[in-house]
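> After the structure tokens below, expect a handful of questions from me.
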Amino acid sequence: MTQPLWWQSGVVYQIYPRSYLDTDGDGIGNIAGITEKVGYLHDVLRVDAVWLSPFFPSPMADFGYDVSNYVDVDPQFGSLADFDALTAALHGRGMKIIIDYVINHTSDRHPWFVESRSSRDNPRRDWYVWADAGPDGSPPNNWQSIFGGGAWERDEQTGQYYLHSFLKEQPDLNWRNPEVEAAMFDVLRFWMERGVDGFRIDAAHLIMKDPAMRNNPPNPAHTGAPDEYDAFLHPHDKGHEDIHATFRRLRSVLDEYSEQSPRMAVAEIHIFDWPVWASYYGSDLDEIHMPFNFGLLFGPWTSETVRTVVDSVEGAIQPDAWPNYVLGNHDVSRLASRLGTEQARVATMLLLTLRGTPTLYYGDELGMQDVPIPVEKLQDPAGHGVPGQGRDAERTPMQWTSGPHAGFCPPNVEPWLPVSADADRVNVEVERNDPRSMLTLTARLLSLRRSSPALALGAYRPRESEDGTVVYEREADGESWLIALNLTSDPRTVLLPGTKPGQVLSTHLDRESVDGLDPLVLRPNEGLVIQIEGA
Ligand code: GLC
956 MTQPLWWQSG
966 VVYQIYPRSY
976 LDTDGDGIGN
986 IAGITEKVGY
996 LHDVLRVDAV
1006 WLSPFFPSPM
1016 ADFGYDVSNY
1026 VDVDPQFGSL
1036 ADFDALTAAL
1046 HGRGMKIIID
1056 YVINHTSDRH
1066 PWFVESRSSR
1076 DNPRRDWYVW
1086 ADAGPDGSPP
1096 NNWQSIFGGG
1106 AWERDEQTGQ
1116 YYLHSFLKEQ
1126 PDLNWRNPEV
1136 EAAMFDVLRF
1146 WMERGVDGFR
1156 IDAAHLIMKD
1166 PAMRNNPPNP
1176 AHTGAPDEYD
1186 AFLHPHDKGH
1196 EDIHATFRRL
1206 RSVLDEYSEQ
1216 SPRMAVAEIH
1226 IFDWPVWASY
1236 YGSDLDEIHM
1246 PFNFGLLFGP
1256 WTSETVRTVV
1266 DSVEGAIQPD
1276 AWPNYVLGNH
1286 DVSRLASRLG
1296 TEQARVATML
1306 LLTLRGTPTL
1316 YYGDELGMQD
1326 VPIPVEKLQD
1336 PAGHGVPGQG
1346 RDAERTPMQW
1356 TSGPHAGFCP
1366 PNVEPWLPVS
1376 ADADRVNVEV
1386 ERNDPRSMLT
1396 LTARLLSLRR
1406 SSPALALGAY
1416 RPRESEDGTV
1426 VYEREADGES
1436 WLIALNLTSD
1446 PRTVLLPGTK
1456 PGQVLSTHLD
1466 RESVDGLDPL
1476 VLRPNEGLVI
1486 QIEGA
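Sequential numbering from 956 applies to the sequence shown in our numbering.
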């Protein structure tokens, strides 16, 4: 490939700012807390870029994904000066900063929406998606909110409905209005002027809807309640083809600043029809640098799923498009809870040895688990107060030490979400000194990837292997590595004739070599990265 860019060769680490480190004693993490941990990010983990979930002023109906001012910092998280200090600290160590760009909706308290709802003839009326009621006063169509219930809210004062794809406190912007586009592009410029290197575009493919606002057809495969989001197919409330022109223009805004230093966009796009997903790179690779690939997050953890996802993604993208993988984020159950602690190690080895940019979710490097949250402590509005629902479990405080509150906040302060009961064992302090810990494994994989052009950027070649295993090679400039993963809790044998093993990294961190590759015996839940001699 031509000279790789930082977002191609690097590894991204997602931080949920509320939960990283609280330095001002309110039980909520802040930007200064992240700055304090830049040493950890750079020296211990050695990630290349940090993505921050929203820290903008917000009523926090959806914990910052309801923005009331795109160009400032919520006082809970600090100030613009704190943000500048964090950016400088990261840049000073050669790291990049990616921020969330919540594009589909604002908060209902954003001044734009306050104006928009004030009267039908307000100049900002058309900045949001307003529609008349049906003849019987019912909502304009059958669109549903992703967070449950209908996607339309009737505004008493003006008698029309506004669209909210998420909470009613998150009205959808009307991206067909050029003034909205211009205002939102200025937001990008504001942050790039401050040194931001990249944007994670929230709910990206939702921004462009059917202009005729037709009803969505029913989903024939759905078995649950008839008014759920999944009870419908969604051809009309997202992903309208006009979106590609919008993203081309968005890309050109990023490009305005890229001569200075390369900027990038990674977009949340929940599409599993791979050719459609790949279309978001742009037909001339002139749209989103990387649509997030969520293929490994859902579906059963089997060798078949992994092979199908990787082969489909590799097959769907153009030769110069760069893939990416993700195993956890603030919206899904934690990796170690989904797969168990042993397979979480195998999965991390997969993530950090595939061809494509990996994004790691904070705490997954320790094997943090979902934390059961008592009903009275539930926070996430998407959970509707139902135990076991919502996304609090995967957003709990980062576990730094074995001390009170895992070192997340001062001892006399209650953290905004409970700290995991396993924090006395599963934390940075303990795991740094344990040569077999998940943190040690993650750091060793990151360091291997960093030192190897083949692992970071090389070609990907799948190898046939027994069911329950995934085997592939990575190769660049005569350097070659073989990755053999056992996705089961039984031993598995793979036959790799004609290859001579060199140095080895095992997920168990207890062997540095193997006897041979023909056969190679993988122990239960074991993954191996093996250098191939004389390649
Ligand atoms: C995205 C975010 C999620 C948020 C939603 C609404 O899916 O990842 O956390 O609730 O958008 O902004």
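Every residue, glycine too, gets a C-beta built ideally from N, C-alpha and C.
Treat the numbers as computed from the prediction; the structure is a model and nothing was measured.
1) If we count the other Cβ atoms within 10 Å of its Cβ and call it buried at 16 or more, is Phe1038 buried or exposed?
2) Starting from Asp1141, follow the alpha helix (DSSP H) in both directions and report where the run begins and ends.
3) Tell me which same chain residues have a C-beta within less than 7 Å of the C-beta of Phe1227, skipping the five on either side of it?
4) Strictly closer than 5 Å from CB to any heavy atom of the ligand GLC: give me those residues in the order they appear in the chain.
5) Pairing CB atoms from the segment 991-1000 with CB atoms from the segment 1013-1028, are three or more of them under 8 Å?
6) Counting beta carbon pairs with one atom in the segment 1218-1236 and one in the segment 1196-1207, are three or more of them shorter than 8 Å?
7) Using a Cβ-Cβ cutoff of less than 8 Å, which residues in the same chain neighbour Gln1115 once the five nearest sequence positions on both sides are dropped?
8) Exposed or buried, what is Gln958 when buried is set at 16 or more other beta-carbons lying within 10 Å of its beta-carbon?
9) If you check the beta carbons only, do Asp979 and Leu1122 fall under 9 Å apart?
10) Looking at the strands, I want to know which residues DSSP matches up with Gly1105.
11) To the nearest angstrom, how far is the alpha carbon of Cys1364 from that of Asp981?
12) DSSP three-state call for Gln1324: helix, strand or coil?
13) With three or more beta-carbon pairs closer than 8 Å as the criterion, would you say the segment 1062-1073 touches the segment 1168-1186?
14) Within its chain, find whatever has a CB closer than 7 Å to the CB of Asp1127; leave out the 5 residues flanking it on each side and keep chain order.
15) Just confirm the distance between the C-beta atoms of Ile1224 and Ala1159, as a whole number of angstroms; I'd bet it's less than 8 Å.
16) Can you pull the DSSP bridge partners for Ile1054?
17) Kindly indicate which three-state DSSP category Ile989 falls into: helix, strand or coil?
18) Thinking C-alpha only, which one of Pro1479, Pro1370, Asn1284 and Gln1344 is nearest Asp1319?
19) Identify every residue that forms a DSSP beta bridge with Pro1456.
20) What's the C-alpha gap between Gly1433 and Asp1325?
21) Would DSSP call Arg1350 helix, strand or coil?
22) What ranges does the alpha helix (DSSP H) occupy inside the segment 1154-1215, keeping only unbroken runs of at least 4 residues that lie completely in it?
23) Out of Ala1271, Glu1214 and Thr1260, which has the shortest C-alpha to C-alpha gap to Tyr1236?
24) Drop a sphere of 10 angstroms on the beta-carbon of Val1492, count the other beta-carbons inside from all chains shown, and report buried for 16 or more, exposed for fewer.
25) Going along the chain, which unbroken runs of the alpha helix (DSSP H) with 4 or more residues stay wholly within the segment 1395-1426?
26) According to DSSP, is Gln1273 helix, strand or coil?
27) Measure how close the beta-carbons of Gln1099 and Gly1105 come, nearest whole angstrom, since I'm counting them as under 8 Å.
28) Nearest by alpha-carbon distance to Pro1246: which of Asp1239, Leu1252, Ala1233 and Ala1409 is it?
29) In the DSSP assignment, find the alpha helix (DSSP H) that holds Ser1073 and state where it starts and stops.
30) Nearest CA to the CA of Arg973: which residue from His997, Phe1011, Leu1252 and Asp1185?
31) Under 8 Å by Cβ, that's how I've got Ala1195 and Met1163 pegged, so tell me the actual separation to the nearest angstrom.
32) Which of helix, strand or coil does DSSP assign to Thr1312?
33) So, at 8 Å on beta carbons, what are the nonlocal neighbours of Gly1338 in its own chain, with the 5 sequence-adjacent residues on each side left out?
34) Does the segment 1408-1418 come close enough to the segment 1352-1367 to have 3 or more Cβ pairs within less than 8 Å?
Quick look at the numbers:
1) Its Cβ being crowded by 16 or more others within 10 Å, Phe1038 is buried.
2) From DSSP, the alpha helix (DSSP H) with Asp1141 extends over Pro1133 to Glu1148.
3) Gly1250
4) Asp1017, Tyr1020, Phe1121, Asp1157, Ala1158 and Asp1286
5) The segment 991-1000 is not in contact with the segment 1013-1028.
6) yes
7) Arg1075, Trp1085, Ala1086, Asp1087, Ala1088 and Arg1109
8) With fewer than 16 Cβ atoms within 10 Å of its Cβ, Gln958 is classed as exposed.
9) no
10) According to DSSP, Gly1105 bridges with Gln1099.
11) 8 Å
12) coil
13) With fewer than three CB-CB distances shorter than 8 Å, the segment 1062-1073 does not count as touching the segment 1168-1186.
14) Excluding residues within five positions, the ones whose Cβ falls inside 7 Å are Asn1059, His1060, Tyr1083, Val1084, Leu1118, His1119 and Ser1120.
15) 5 Å
16) Leu1007 and Phe1154
17) helix
18) Asn1284
19) Ile1487
20) 42 Å
21) coil
22) 1198-1213
23) Ala1271
24) Any property of residue 1492 remains undetermined from this structure, which presents the chain solely from 956 to 1490.
25) Annotation note: the segment 1395-1426 contains the following uninterrupted alpha helix (DSSP H) runs of length 4 or greater, listed N- to C-terminal: 1408-1412.
26) coil
27) 6 Å
28) Ala1233
29) Pro1066 to Ser1073
30) Phe1011
31) Note that residue 1195 corresponds to His in the displayed sequence, not to Ala. Between Met1163 and His1195 the Cβ distance is about 4 Å, and since that is below 8 Å, they are a contact.
32) strand
33) Gln1344, Gly1345, Arg1346 and Asp1347
34) no
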